[in-house]
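S.K.:
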Amino acid sequence: MSRVVLALLVGLAVIAAGIALAVVRVNPYFYFAAYVILQYVVIATAWNILGGYAGYVNFGTPAFFAMGAYTAVFLIRSVKPPLAVLILAGGLVAALLGLGIGYLTLRLRGTFFSIATLALSVVLQTIIINWEYVGGSRGLSVLRPSGPPFGNYVVFLFTVMLALAVIAVMTARFIERSWVGRGLAALRDNEEAAECMGVPTLKLKLFATTVSGFLLGVAGAPFPYYVTFVEPNSAFALDYAVNALAMPMIGGTTSWVGPVIGAVLLGTAQQLATVTISSELNLLIVGVVLVGFVVVAPEGILGLIRRLRTR
Amino acid sequence: MFSWDLLANAVVAGLLLGGFYAAVSLGISLIFGLLDIANIAQPAFVILGSYAAYVLHEGYGMDPILTGVLFTPVFYLIGALVYRVYYASFERRGDEALRGLVFFFGVLFIIEVSLSLKYGVDYRLVQTGYLSRSIELGGVGVAFRYLVPCVVGVAMTAGLYLFLGRTFYGRAIMAVSQDQAALRLMGADPIHIKTIAFGVGIAAASLAGALLISIAPVIPSTDRDYIGRMFAITVLGGMGSIGGTLVAAVILGVVESLMATFFGPSWSLAVSFGILLAALAVRPAGLFGR
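Okay, structure coming up:
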């Protein structure tokens, strides 16, 4: 119990430090870039709950992220509720999609599941492109609400995303250490054997896909206010799919620390590369690093550290 | 007012499109269907073939289909190399399921981003004299732009069918897909056979890419549209069945063409993915599955 309290305190301390940072005000670009990195912490952590713990590779990250973003767009256009409602609604819609994907795992395993998630992403993008109310293929500009609680709006979004990242990471940590995490690890290693041993595999898979979907939607919901112009190509960008799996793979998929390490390292590297070189080249770097890591260090940075320790 | 003329045109266009889709899907049918290697980078190799045809056409006025044929040895070698890396890093360790998939996803991404770095994101198309012509068949106009890729696609299907059924290496590939250990006992090296099969699959992408850029303009991210189509066709046709690939490709081509004609082209992409999802959920063994 005391460890849970400790973890909560650490989480709150991180958020407090973030708010302090927001009040102090450094270079405005810092918040802009840090938001993206924190968004990737949420995405990588969410992906890892399904991909790392349960072993189901989801290529459809953009679908869930865009579900969150477009739920927000729809609500902003219709009722314009506060940001907290947008985030919750975006998360819930994406969670529903996750639940659907979870039922798909009854029939589809391994490669077929991954291809189906990729297909899902394209189908949803087609629907959004044909839906004029949320901007269709041309996109839609979104007005930020005036007067954020503190700082300017980007600074405010930065602290919100920081809080979401802390919540996501703590959720992943909690799942990993509970019986749910052990059950997921069992079905990752051998689904039939796990089922035979009495592990409720379907319930666990549905839980993993729903939670993963929820967190991905949550990461996407503030996106319209961040970019202020939402169009399908940016909301459904393949970059999310690649980063979502590259970051945990590079950090290490078996622990909650892995995606965080991966997201911070790769996210920071991308932000630096975007500023100093070009955004196309930084994507190339992600691809090369990803392939290099899965070939040379399949257990990621955590695996490398573990190997050094045991030596 | 329903127009029979429109329907006839859509069906003919769909049939032609189907022949072309077969050409695009043969490689993945071989690699994923028979070897069970989830090479989702296949469409990226097709786009690579398209750009090879484009560059040689712009630079030297080469015929795109000739380029596609000439480049097959190069693509074969690339494919053999990729398989060797895949084998050494994943298959030998028994680690192919999760990390192998990620590996190919990374390869797809590298190819796509490299192409957009080198050639930008402008649409590219190859125009030749004969491609812009068309003939009239029983009141239905048939454009050479579609007819030529269809004929080449059907020829490729027939060629691969004969290769797998009649030649020594082809039969060895069929054998390795059924029982690798048995093949080893017969004195053949399964890894060598799989290298050849993977190389042939990638070589098919060279020609398929040349056909693609003859039909429609291509940008580096066009590969994403074809991931779903390829896998939909392979799954619907029954994993590894070459005849089934052609039948499934024609079905997909016709349905897509009908959707595009009567509901608008933006929906045609969703059709292929819808078919894929339905096929995966209802009958994963496909139409001609074993």
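Just so you know, the sequences run in chain order L and H. Count along the first sequence starting at 1, add 812, and that's the number in the working numbering. Count along the second sequence starting at 1, add 1, and that's the number in the working numbering. Don't be surprised by glycine CBs; every beta carbon is placed ideally from N, CA and C.
Report yes if the CB atom of Val47(H) is closer than 8 Å to the CB atom of Ala209(H), and no otherwise.
M.R.: Locating residue 47(H) in the second sequence gives position 46, counting from the first residue. Locating residue 209(H) in the second sequence gives position 208, counting from the first residue. Going by C-beta atoms, Val47(H) is nearer than 8 Å to Ala209(H).
S.K.: Pro1101(L) and Ile1062(L): beta carbons closer than 8 Å?
M.R.: Here the question's residue 1101(L) lines up with position 289 in the first sequence. Here the question's residue 1062(L) lines up with position 250 in the first sequence. Reading the sequence as shown, one finds Val at residue 1101(L) and not Pro. Result yes, Cβ atoms of Val1101(L) and Ile1062(L) sit closer than 8 Å.
S.K.: If we ignore side chains and look at the alpha-carbon of each, how far apart do Gly238(H) and Val934(L) end up?
M.R.: Taking the second sequence and counting its residues from 1, the one referred to as residue 238(H) is at position 237. Taking the first sequence and counting its residues from 1, the one referred to as residue 934(L) is at position 122. Cα-Cα distance, rounded: 21 Å.
S.K.: Starting from Gly28(H), trace the alpha helix (DSSP H) both ways and give me its first and last residue.
M.R.: Numbered from 1 along the second sequence, position 27 holds the residue referred to as residue 28(H). Run containing Gly28(H): 5-29, per the alpha helix (DSSP H) assignment.
S.K.: What does Glu1092(L) reach in chain H if we use C-beta pairs closer than 8 Å?
M.R.: By one-based count along the first sequence, residue 1092(L) stands at place 280. Per Cβ cutoff of 8 Å: Val114, Ser117, Leu118.
S.K.: Here's a check: name, in chain order, each residue in its chain whose Cβ is nearer than 8 Å to the Cβ of Val988(L), leaving out the five neighbours to either side.
M.R.: Taking the first residue of the first sequence as 1, we reach residue 988(L) at position 176. For the sequence presented, residue 988(L) should be read as Glu rather than Val. These residues qualify, in order along the chain: Tyr865, Ser1067, Trp1068.
S.K.: Are the Cβ atoms of Gly1064(L) and Leu1114(L) separated by less than 8 Å?
M.R.: Your numbering for residue 1064(L) matches position 252 in the first sequence. Your numbering for residue 1114(L) matches position 302 in the first sequence. Yes, Cβ-Cβ distance for Gly1064(L) and Leu1114(L) is below 8 Å.
S.K.: Identify every run of the beta strand (DSSP E) within the stretch 1082-1111 of chain L, keeping only runs that are complete inside it and at least 3 residues long; order them along the chain.
M.R.: Qualifying beta strand (DSSP E) stretches: none in this window.
S.K.: Would you list, in chain order, the members of the stretch 840-867 of chain L that have their beta-carbon closer than 7 Å to a beta-carbon of chain H?
M.R.: The residues in question are Gly867.
S.K.: Quick check on DSSP: helix, strand or coil for Gly142(H)?
M.R.: Within the second sequence, the letter at position 141 stands for residue 142(H). In this structure, Gly142(H) counts as strand in the three-state DSSP scheme.
S.K.: Under a three-way DSSP split, which group does Leu920(L) fall into?
M.R.: Start at 1 with the first residue of the first sequence, and residue 920(L) comes out as number 108. In this structure, Leu920(L) counts as coil in the three-state DSSP scheme.
S.K.: Give a yes or no on whether the minimum CB-CB distance between Ala39(H) and chain L is below 8 Å.
M.R.: Here residue 39(H) refers to the residue found at position 38 when the second sequence is read from its first residue. Closer than 8 Å to some Cβ of chain L, the Cβ of Ala39(H) qualifies, so yes.
S.K.: Looking at Leu952(L): is its Cβ nearer than 8 Å to the Cβ of Ala1031(L)?
M.R.: As a working mapping, residue 952(L) is identified with position 140 in the first sequence. As a working mapping, residue 1031(L) is identified with position 219 in the first sequence. For Leu952(L) and Ala1031(L), no; Cβs fall outside 8 Å.
S.K.: Closer than 8 Å, CB to CB, is Tyr155(H) near chain L or not?
M.R.: Residue 155(H) sits at position 154 when you count from the first residue of the second sequence. The amino acid occupying residue 155(H) in the given sequence is Val; Tyr does not appear at that position. With 8 Å as the cut-off, Val155(H) does not count as an interface residue toward chain L.
S.K.: Output, in sequence order along the chain, the residues in the stretch 941-955 of chain L whose CB is closer than 7 Å to any CB in chain H.
M.R.: Against chain H - using a Cβ distance shorter than 7 Å - the residues of the stretch 941-955 of chain L are Ile941, Asn942.
S.K.: Tell me, which residues are paired with Arg125(H) by DSSP?
M.R.: The sequence position of residue 125(H) within the second sequence is 124, counting from 1. According to DSSP, which records beta bridges pairwise, Arg125(H) is partnered with Val219(H).
S.K.: Using beta-carbon positions only, say whether Gly275(H) and Met240(H) come within less than 8 Å of one another.
M.R.: Taking the second sequence and counting its residues from 1, the one referred to as residue 275(H) is at position 274. Taking the second sequence and counting its residues from 1, the one referred to as residue 240(H) is at position 239. No, Cβ-Cβ distance for Gly275(H) and Met240(H) is not below 8 Å.
S.K.: Between Thr89(H) and Gly80(H), what straight-line distance do the alpha-carbon atoms span, to the nearest angstrom?
M.R.: Locating residue 89(H) in the second sequence gives position 88, where the first residue counts as 1. Locating residue 80(H) in the second sequence gives position 79, where the first residue counts as 1. In the sequence on display, residue 89(H) carries Ala and not Thr. Going by the C-alpha atoms only, they are around 14 Å apart.
S.K.: Note down, in chain order, every chain L residue with its Cβ under 8 Å from the Cβ of Arg225(H).
M.R.: Within the second sequence, residue 225(H) is the residue found at index 224, counting from 1. Those within 8 Å of Arg225(H) in chain L are Val934, Leu1050.
S.K.: Spatial neighbours of Tyr843(L) within its chain, please: CB distance less than 7 Å, with the 5 preceding and 5 following residues excluded, ordered by chain position.
M.R.: One-based indexing of the first sequence puts residue 843(L) at position 31. Only Val966, Val967, Phe970 meet the Cβ criterion.
S.K.: Tell me the DSSP bridge mates of Leu952(L)?
M.R.: On the first sequence, position 140 is the one that residue 952(L) refers to. Bridge partners of Leu952(L): Val1042(L).
S.K.: Between Leu102(H) and Ser926(L), how many whole angstroms is the CB-CB distance? I'm expecting something under 8 Å.
M.R.: Working through the second sequence from its first residue, we reach residue 102(H) at position 101. Working through the first sequence from its first residue, we reach residue 926(L) at position 114. Contact flag correct, Cβ pair sits at about 6 Å.
S.K.: Taking Ala858(L) as the reference, give the member of Asn1002(L), Ala1058(L), Ser1090(L) with the closest Cα.
M.R.: To locate residue 858(L), count along the first sequence from 1; it is residue 46. Checking every option, the nearest Cα to that of Ala858(L) belongs to Ala1058(L).
S.K.: Can you say whether Cys151(H) is buried or exposed, counting buried as having 16 or more other CB atoms within 10 angstroms of its CB?
M.R.: Taking the second sequence and counting its residues from 1, one reaches residue 151(H) at position 150. Classification of Cys151(H): buried, given that the 10 Å Cβ count is 16 or more.
S.K.: The alpha helix (DSSP H) spanning Val946(L) covers which residue range?
M.R.: Position 134 of the first sequence, counting from 1, holds the residue named residue 946(L). Here Val946(L) belongs to no alpha helix (DSSP H), and DSSP marks it neither H nor E.
S.K.: Per DSSP, Ile827(L) is paired with what?
M.R.: As a first step, residue 827(L) is located in the first sequence; it is residue number 15 there, counting from the start. DSSP output for Ile827(L) lists no bridge partner at all.
S.K.: Going along chain L in order, which residues have a C-beta closer than 9 Å to the C-beta of Gly275(H)?
M.R.: The sequence position of residue 275(H) within the second sequence is 274, counting from 1. Going along chain L in sequence order, the residues near Gly275(H) (Cβ under 9 Å) are Ala931, Val935.
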